[in-house]
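Numbering (this note's numbering), first residue to last: 41 to 205. The beta-carbon is built from N, C-alpha and C at its ideal position, and this holds for glycine as well.
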Ligand SMILES: C[S@@+](CC[C@H](N)C(=O)[O-])C[C@H]1O[C@@H](n2cnc3c(N)ncnc32)[C@H](O)[C@@H]1O
């Protein structure tokens, strides 16, 4: 399976040896590649659509059979803003609107759940508003870099943020 340049760029910017969260994972392409790489001790898949998560679980179970060993994969069929677990390591949120990403981050911050060292954020629209308004309001994080990736003729921005020391 070949990852798109956008998803492979996101993965390249994740901190290895730390958990990775694929939020709004859809078919889980990013998380599956993270599992395959064996660079991340846990991979967490989150999507609000139950059948996407159950299909993904099945697909990954098959892989477990093939590899005859446990894969450190965890599944959450819930709206991301309702997660009730601590998010550590790398939190990747890609391919949804900027407003939704803001809602997730605010909900997790308010609940004290956002403990990630790195955020990799790729809103699919309103990127400039995200950069100008949302990122400066993330008091615990600072922007390390932004990367433009061309996907089907359109530049998509990825924002990489680190937790402030
Ligand atoms: C376009 S796909 C993005 C897939 C992948 N992250 C990417 O960038 O290619 C958007 C996914 O977000 C999920 N989604 C939308 N709102 C959500 C929410 N509030 N919580 C969890 N998942 C959500 C949808 O079910 C869908 O699978």
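query	result
Taking 8 angstroms as the threshold, find out whether the region 46-65 comes into contact with the region 125-133 through three or more Cβ pairs.	yes
Does the beta-carbon of residue 120, which I'm using as the reference point, lie nearer than 6 angstroms to any heavy atom of ligand 1?	yes
Mind pulling the beta strand (DSSP E) runs of 3 or more residues that sit fully within the region 44-95?	60-63, 83-87
I want to check one thing, is the minimum distance from the CB of residue 137 to the heavy atoms of ligand 1 below 6 angstroms?	no
For residue 136, name the three-state secondary structure that DSSP assigns.	coil
Does the count of Cβ pairs from the region 160-172 and the region 185-200 closer than 8 angstroms reach three?	yes
Tell me whether residue 66, by its Cβ, gets closer than 6 angstroms to a heavy atom of ligand 1.	yes
Say yes only if the C-beta of residue 161 is nearer than 6 angstroms to one or more non-hydrogen atoms of ligand 3, and no if none qualify.	Among the ligands present in this structure, namely ligand 1, ligand 3 is not found.
To the nearest angstrom, report how far apart residue 121 and residue 193 are at their CA atoms.	31 angstroms
For a test of your reading of the model: does the CB of residue 134 fall under 6 angstroms from any non-hydrogen atom of ligand 1? Yes or no.	yes
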